[in-house]
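K.L.:
Just so you know, we're using the numbering used here here: the sequence shown kicks off at 116 and counts up by one. Heads up, the beta-carbon is just placed ideally off N, CA and C, and yes, glycines get one too. Model, not experiment: these values are computed from the prediction.
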Amino acid sequence: MPWCDTCDEYRAPTALTTSGTCAACDAKVDVADLKNPPTAKAPWHFWVMVAALVLYLGWRLIEGIIWLVQKF
Ligand SMILES: [Zn+2]
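#1: If you draw a straight line from the alpha carbon of leucine 131 to that of lysine 156, how long is it in whole angstroms?
#2: To the nearest angstrom, report how far apart alanine 158 and methionine 164 are at their CA atoms.
#3: Suppose you measure from the CA of serine 134 to the CA of threonine 154; what does that come to, to the nearest Å?
#4: Quick check: what's the CA-CA separation for lysine 186 versus leucine 168?
#5: Enumerate in chain order the residues of its own chain whose CB-to-CB distance from alanine 138 is below 8 angstroms, with the five nearest sequence positions on each side excluded.
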């Protein structure tokens with residue numbers, strides 16, 4: 116969200132002029148966040164949990180297949 120230091124307020128991207136200045140006071144607005152939005156990156160422990168889940172469910176599938184084979 117662009118921030119106007121002069122107005123001390125947040126400005127919606129649509130509330131800026133085409134040159135990227137504040138429509139209310141015509142001051143330069145910091146639009147760095149607009150050009151480089153923070154990317155939502157999953158933390159490393161999320162992927163550890165995904166790997167553990169895949170291993171666990173894979174093992175339960177193998178166990179289930181072994182159970183089925185032994186039953187018939
Ligand atoms: Zn302003």
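P.N.:
Checking against the coordinates, here is how it stands:
#1: 29 angstroms
#2: Inspection of the sequence shows that residue 158 is occupied by proline rather than by alanine. Going by the C-alpha atoms only, they are around 10 angstroms apart.
#3: 25 angstroms
#4: 27 angstroms
#5: Arg126, Ala130, Leu131 and Thr132
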